[in-house]
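Single-structure report; data block below.
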Amino acid sequence: MSLLAHELRLLLRHRLTVAALALLAVLTIAALAAGMAETSRQHAAIAAIPAAQAEDIAAVADYVDQSKDAGSAAYYSFHPTWDAPAPLAFAALGMRDVSPYMLRVRALGLEAQIYDGDTFNPELALPGRFDFAFVLVFLAPLFVIALFHDLVSSEREAGRQRTLDALPNGGKALWRRRTALRFALVWATLALPFTAAALIEGVALPTLLIVLDLIAAYLFFWVGIAALVGRLQWSSVANAATLAATWLVLVLVVPTLANVAINRAIPVDQGAEIALAQREAVNGAWEIPREQTMRRFYASHPQWADSPPLGTEFHYKWYLAFHQNGDASVAGRVQAYRAGLEARDAAGRALGWLLPSVGVQALLTRLAQTDLTAQLAYQDRVRAFHAQLRDFYYAYLFRDRPFGKADFARAPRFKDTPDG
Amino acid sequence: MTEAPPIHIDALTLAYGTHRVLDGLTLSVPAGSITALLGGNGAGKSTTLAALLGFAKAQSGTIAVCGVDPGRQPDLARKRIAYLPENVALYEHLTAVENADYLLALSGERQSKAAITDALAAAGLQDRAWDQRLGGFSKGMRQKVAIAVALLRQVPVLLLDEPTSGLDPRATADFNALVSAVRDRGTAVLMVTHDLLSAADVADSIAFLEGGRVAEAVPASGPDRFDIRALHARFQVGADRLAA
Chain A
1 MSLLAHELRL LLRHRLTVAA LALLAVLTIA ALAAGMAETS RQHAAIAAIP
51 AAQAEDIAAV ADYVDQSKDA GSAAYYSFHP TWDAPAPLAF AALGMRDVSP
101 YMLRVRALGL EAQIYDGDTF NPELALPGRF DFAFVLVFLA PLFVIALFHD
151 LVSSEREAGR QRTLDALPNG GKALWRRRTA LRFALVWATL ALPFTAAALI
201 EGVALPTLLI VLDLIAAYLF FWVGIAALVG RLQWSSVANA ATLAATWLVL
251 VLVVPTLANV AINRAIPVDQ GAEIALAQRE AVNGAWEIPR EQTMRRFYAS
301 HPQWADSPPL GTEFHYKWYL AFHQNGDASV AGRVQAYRAG LEARDAAGRA
351 LGWLLPSVGV QALLTRLAQT DLTAQLAYQD RVRAFHAQLR DFYYAYLFRD
401 RPFGKADFAR APRFKDTPDG
Chain B
1001 MTEAPPIHID ALTLAYGTHR VLDGLTLSVP AGSITALLGG NGAGKSTTLA
1051 ALLGFAKAQS GTIAVCGVDP GRQPDLARKR IAYLPENVAL YEHLTAVENA
1101 DYLLALSGER QSKAAITDAL AAAGLQDRAW DQRLGGFSKG MRQKVAIAVA
1151 LLRQVPVLLL DEPTSGLDPR ATADFNALVS AVRDRGTAVL MVTHDLLSAA
1201 DVADSIAFLE GGRVAEAVPA SGPDRFDIRA LHARFQVGAD RLAA
């Protein structure tokens, strides 16, 4: 029997060790299963879009076909966009639980449609999802503490340390071997279920390897902390208390305070405020002379300036023009909001170089494409698609071309990724 | 040419900070003999063992275990030493056989289960205890497991730290018989103890430490055998058992 096998037998004879590893395995598997269920639900919802969309458009098309009015087509037809979860999203759901991953847009004002999604309940968002990232970042250190806090002190307290040190290979080599074994067990308890889930979800091999390295690096950090505390030669109880306090500070207190500090240092409007401002601009437009609205619109969209003048009756091109003017009126706030979010995100990621718990979360959500960057990229794709929608409907509206049932098939379709 | 004794210490000086614990200690333990090292608290008994195990480094003098300086080559020296601390604490979750197997593996000297059970039997551990976990073992039973490991390792040096403290007279007698058997295999045994009577029972010679050096070394048998009461009166050791 090899020395490692001896150490493994010794370790697994401790019921608490076995219970701790079993609990970590259960939590890991549960988190992975929850993440996979969530992404599966999102995939299913996205997969259901074409059928539902066809049904919706068919109903609108029947109505529109009677009047041939492109304005009615633009007003009543919703066009789906979606952000399919990346293969690794199951491991770190990130912002996908609070930011919409599906958005049905109309060719009306866009900003209110985008930022309506920001009105989630912050209390629900606060605890975050129970996913693999949560288990790794928040819970795994506790298991490292459980397995490592008494690595040496328990031998000292049991009166065995002198005996072990007196053996030819009982000194540093023994502690290195025991450390490596415990480390490997905790790592394997996290990594093996994760690898299985990643293979099922089709995560690319390089990404998988990066995450496995990340797990090892994060655990190594906590093992290092435990080793440093162990060098102080305190009792096992004192070691455990010190490590638990360190966990509290490094994983909960400092990141929370840093988040508060970042938010105070970089003030950002609420997205819902932008939605409200855009709606107020749109509603106010009913009171503005129509010619004034059109002049403003044509100034920014000269390609439609040769459109026939408005008559006395309601015309959708005026309605869509003041929606677009509404978007333009909040463009500055939108830019500032985005810049603020990006600045906060950059500050958070910079903090990750100092706080491994923050860094690991940031890297995992980046790899999983569930972070702010991914969310903003989705918004960019929605904006690009919405611009195509506007151009499509404007070509009918501003040229007074009739819009028939067959024209719906010519409408632009959203592409999930920039490459299509 | 005479072979050097397995334990050889000459004019050894060792201090912890400014406190000099060993001050010119000279001591030799030949192969196949038992030397009992006695002395009051702070006399330097445990420090002598620590120096032999390479835990404490001497400032001057020489110390050798089978020719190896434990201060310079501790692992090499420890390969030649079996050490039993005062309280033999082994792993309670492992059986006697598993404990022996593990300690042997740590020492780099693997043995078959048959060899281990033979050694446990030779150490006097009853066969029904071989596959029992050590949770309920007495100190004497634990010592037998540790002695079995020492027997299997076939080391030339056995260091014992207060081995009979806490043992009843019967267990002490059993242990002394066991140590004598180890001695008879050619092992050099150095036994640190407060127990003068036990030392007198088992040792070939007795060295008294005082102020970090051997104040007196006497044979335990033969015409020059020491006068136990005179030694007690001088060094005040083993008072509890003498009084009894």
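Protein chains in written order, with the working numbering: chain A, 1 to 420; chain B, 1001 to 1244.
Note that beta-carbon positions come from the ideal geometry of N, C-alpha and C, so glycine has one too.
ALA411 (chain A) in three-state terms, based on DSSP: Annotated three-state conformation of ALA411 (chain A) is coil, per DSSP.
Which of the residues in the region 158-187 of chain A, read from start to end, lie with their CB under 8 Å from any CB of chain B? For the region 158-187 of chain A, which is checked against every Cβ of chain B, the residues closer than 8 Å are ALA158, GLY159, ARG160, ARG162, THR163, LEU164, ASP165, ALA166, LEU167, PRO168, ASN169, GLY170, GLY171, LEU174.
Report all residues from its chain with a CB closer than 6 Å to the CB of PHE408 (chain A); omit the five preceding and five following residues, and keep chain order. Annotation for PHE408 (chain A): ILE57, ALA61 place their beta carbon closer than 6 Å to its own, counting only its chain and skipping 5 residues before and after.
In angstroms with no decimal places, state the Cα-to-Cα distance between SER1165 (chain B) and LEU257 (chain A). Just so you know, the alpha carbons of SER1165 (chain B) and LEU257 (chain A) end up roughly 57 Å apart.
Nearest-angstrom Cα separation, counted from LYS68 (chain A) out to TYR115 (chain A): Rounded to whole angstroms, TYR115 (chain A) to LYS68 (chain A) spans 32 Å at the Cα level.
Where LEU1009 (chain B) falls: helix, strand or coil (DSSP): Per the sequence presented here, residue 1009 (chain B) reads as Ile, with Leu not at that position. Strand at ILE1009 (chain B).
Please confirm if LEU1160 (chain B) has its CB atom under 8 Å from at least one CB of chain A. By this cut-off, LEU1160 (chain B) is not an interface position.
Strictly below 9 Å CB to CB, what residues from chain A border GLY1067 (chain B)? Among the residues of chain A, none has a CB under 9 Å from the CB of GLY1067 (chain B); the nearest is roughly 16 Å distant.
Which residues in chain A have a C-beta closer than 9 Å to the C-beta of ASN1248 (chain B)? List them in chain order. Outside the displayed span of chain B (1001 to 1244) sits residue 1248 (chain B), for which this structure offers no information.
Which of helix, strand or coil does DSSP assign to LEU1014 (chain B)? Reduced to three states, the DSSP call for LEU1014 (chain B) is strand.
Give the straight-line distance between the Cα atoms of ALA33 (chain A) and LEU192 (chain A), rounded to the nearest whole angstrom. The straight-line gap from Cα to Cα measures roughly 14 Å.
Would you mind reading off the limits of the beta strand (DSSP E) that contains GLY348 (chain A)? First-last for GLY348 (chain A): 331-351, but that is the alpha helix (DSSP H), not the beta strand (DSSP E).
Excluding the five sequence neighbours on either side, which residues of its own chain have a C-beta within less than 8 Å of the C-beta of SER154 (chain A), listed in chain order? Same-chain partners within the cutoff: SER236.
Using a C-beta to C-beta distance shorter than 8 Å, which residues of chain B count as neighbours of ARG344 (chain A)? Residues of chain B passing the Cβ test: none, with the nearest at roughly 51 Å.
Segment limits, alpha helix (DSSP H) that includes ARG156 (chain A): Here the alpha helix (DSSP H) through ARG156 (chain A) covers 153-158.
Is PHE130 (chain A) helix, strand or coil when you go by DSSP? Looking at PHE130 (chain A) - three-state DSSP - the assignment turns out to be coil, as it is neither helix nor strand.
Local conformation of LEU1027 (chain B) per DSSP, three classes: LEU1027 (chain B) falls in the strand class under three-state DSSP.
Comparing C-alpha positions only, which one of B:ALA1217, B:LEU1158, B:ALA1215, B:GLY1211 sits nearest to ASN1041 (chain B)? A check of alpha carbon separations from ASN1041 (chain B) across B:ALA1217, B:LEU1158, B:ALA1215, B:GLY1211 identifies B:GLY1211 as the nearest.
Give, in chain order, every unbroken run of the beta strand (DSSP E) that is at least 3 residues long and sits entirely within the region 1153-1233 of chain B. Within the region 1153-1233 of chain B, the runs of beta strand (DSSP E) that reach at least 3 residues and sit entirely inside it are, in chain order, 1157-1161, 1188-1192, 1205-1210, 1213-1219.
Out of A:MET102, A:ASN239, A:GLN361, A:VAL254, point me to the one whose CA is closest to ARG41 (chain A)'s CA. Answer by Cα proximity: A:MET102.
Own chain, CB closer than 7 Å to LYS1113 (chain B), minus 5 neighbours either side, in chain order: For LYS1113 (chain B), the CB contacts under 7 Å within the same chain, skipping 5 residues up- and downstream, are VAL1097 in chain order.
Closest by C-alpha distance to ILE1147 (chain B), when choosing among B:PRO1169, B:THR1117, B:ARG1213, B:GLY1136: B:THR1117 is the residue among B:PRO1169, B:THR1117, B:ARG1213, B:GLY1136 whose C-alpha sits nearest the C-alpha of ILE1147 (chain B).
6 Å Cβ shell around ALA1173 (chain B) - same chain, five flanking residues per side excluded: So the list is empty, once near-sequence residues are dropped.
Give the range of the beta strand (DSSP E) segment to which MET102 (chain A) is assigned. Start and end: 102-105.
When you compare the CB of HIS149 (chain A) with every CB in chain B, is at least one pair closer than 8 Å? Closer than 8 Å: no.
Thinking C-alpha only, which one of B:VAL1189, B:ALA1188, B:ARG1142, B:VAL1155 is nearest ALA1171 (chain B)? Here the closest residue by C-alpha is B:ARG1142.
Amino acids of chain A, ordered along the chain, whose beta-carbon sits closer than 9 Å to that of PHE1055 (chain B): Here the neighbours are ARG162, ASP165, ALA166.
Using a Cβ-Cβ cut-off of less than 7 Å, give me the residues of the region 1106-1134 of chain B that come near chain A, in sequence order. Those residues of the region 1106-1134 of chain B that come within reach of chain A (Cβ to Cβ, closer than 7 Å) are LEU1106, SER1107, GLY1108.
Within chain A, partners of ARG1078 (chain B) - CB distance below 7 Å: Those are ALA166, LEU167, PRO168, listed as they occur along chain A.
CB ARG1080 (chain B) to CB GLU1109 (chain B), shorter than 8 Å? No, they are not a contact pair.
The region 1175-1184 of chain B touching the region 1020-1030 of chain B, judged by at least three CB pairs closer than 8 Å: Judged by Cβ distances under 8 Å, the region 1175-1184 of chain B makes no contact with the region 1020-1030 of chain B, as fewer than three pairs qualify.
Do ALA133 (chain A) and the ligand MG come close, with the Cβ less than 7 Å from some heavy atom? The ligand MG is absent from the structure shown, which contains no ligand whatsoever.
Taking 8 Å as the cut-off, decide whether the C-beta atoms of ALA305 (chain A) and TYR298 (chain A) are in contact. Taking 8 Å as the Cβ cut-off, ALA305 (chain A) and TYR298 (chain A) qualify as a contacting pair.
If the cut is a Cβ gap below 7 Å, which residues of chain A does LEU1197 (chain B) touch? Contact annotation for LEU1197 (chain B) against chain A: no contact, minimum CB-CB distance about 26 Å [criterion: below 7 Å].
According to the neighbour-count rule (16 or more other Cβ atoms, all chains shown, within 10 Å of its Cβ), is SER1138 (chain B) buried or exposed? SER1138 (chain B) is exposed by the Cβ-count criterion.
Find the residues of chain A that neighbour LEU1094 (chain B), judging by a C-beta separation of less than 7 Å, and give them in chain order. Correct list: LEU10, ARG13.
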